[in-house]
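Asker: Residue numbers (the numbering used here): 167 to 288.
Right, I'll just put the structure down here and ask away after.
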Amino acid sequence: GLASVVTGAFFAACLFFTPITAIVPQEVASAALVVIGAMMMMNARHVDWADRATAIPVFLTVVLMPFTYSITAGVAAGVISYVAIKVAQGKAREIGAFMWALTVIFVVYFALNPIESWLGVH
């Protein structure tokens, strides 16, 4: 509804302000990202670390984002591992359609580059 319209309007406004971000040095942006990362890690205390089905995907997501320099890779590893663990536990019915779709998309995302390299496609 209205939230989508407002979000769309803000994204449209960002098109005009994007060139302004070029004047912000990378050092300032990276400092802000470190602070945001620290604030995000404060929420890690709310994770049920005793529940391996939750803890392993959270750990993979948190660790792989900075190590791979890719938010996509971190989230993908978390989603894929969550679904794999639930399936291994015999709890596949607990996984929603959206998570299944994301898992398929992320598996294709990870598999595409090796397949293209193997086929010699650039």
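Cβ coordinates follow ideal geometry from the N, Cα and C atoms, glycine included.
1) DSSP state of glutamine 192, grouped into three classes?
2) Start and end of the alpha helix (DSSP H) containing isoleucine 235?
3) Could you check how far apart the C-beta atoms of alanine 219 and isoleucine 251 are, in whole angstroms? I think they sit under 8 Å.
4) One question on the structure: do valine 292 and methionine 231 come within less than 8 Å of each other, judged by their Cβ atoms?
5) Using the C-alpha atoms, what's the distance from valine 241 back to arginine 259?
6) Classify valine 287 as helix, strand or coil using the three-state DSSP reduction.
7) I need the straight-line Cα distance from phenylalanine 233 to proline 185, nearest angstrom please.
8) With burial defined as no fewer than 16 other Cβ atoms inside 10 Å of the residue's Cβ, what is the status of glycine 244: buried or exposed?
9) Between Ile246, Val200 and Ala198, which has its C-alpha nearest valine 273's C-alpha?
10) What's the C-alpha gap between alanine 195 and phenylalanine 176?
11) May I ask which residues mark the beginning and end of the alpha helix (DSSP H) holding alanine 179?
Answerer: According to the data block:
1) If you number the sequence shown from 1, residue 192 lands on position 26. Note: glutamine 192 maps to helix in three-state DSSP.
2) The residue given as residue 235 occupies position 69 in the sequence shown. Going by the sequence as given, residue 235 is tyrosine instead of isoleucine. Counting along the chain, tyrosine 235 falls outside any alpha helix (DSSP H), and DSSP gives it neither H nor E.
3) Working through the sequence shown from its first residue, we reach residue 219 at position 53. Working through the sequence shown from its first residue, we reach residue 251 at position 85. Confirmed, about 5 Å.
4) Here the chain covers residues 167 to 288 and nothing more, so residue 292 does not appear.
5) Working through the sequence shown from its first residue, we reach residue 259 at position 93. Working through the sequence shown from its first residue, we reach residue 241 at position 75. Cα-Cα distance, rounded: 21 Å.
6) Position 121 of the sequence shown, counting from 1, holds the residue named residue 287. In this structure, valine 287 counts as coil in the three-state DSSP scheme.
7) Reading the sequence shown from its first residue, position 67 is the one you call residue 233. Reading the sequence shown from its first residue, position 19 is the one you call residue 185. Cα-Cα distance, rounded: 29 Å.
8) Position 78 of the sequence shown, counting from 1, holds the residue named residue 244. Glycine 244 should be labelled buried.
9) Against the sequence shown, residue 273 aligns to sequence position 107. For the residues Ile246, Val200 and Ala198, the minimum Cα distance to valine 273 belongs to Ile246.
10) Start at 1 with the first residue of the sequence shown, and residue 195 comes out as number 29. Start at 1 with the first residue of the sequence shown, and residue 176 comes out as number 10. Their Cα atoms are separated by approximately 20 Å.
11) Counted from its first residue, the sequence shown places residue 179 at position 13. 168 to 183 is the span of the alpha helix (DSSP H), which, as asked, contains alanine 179.
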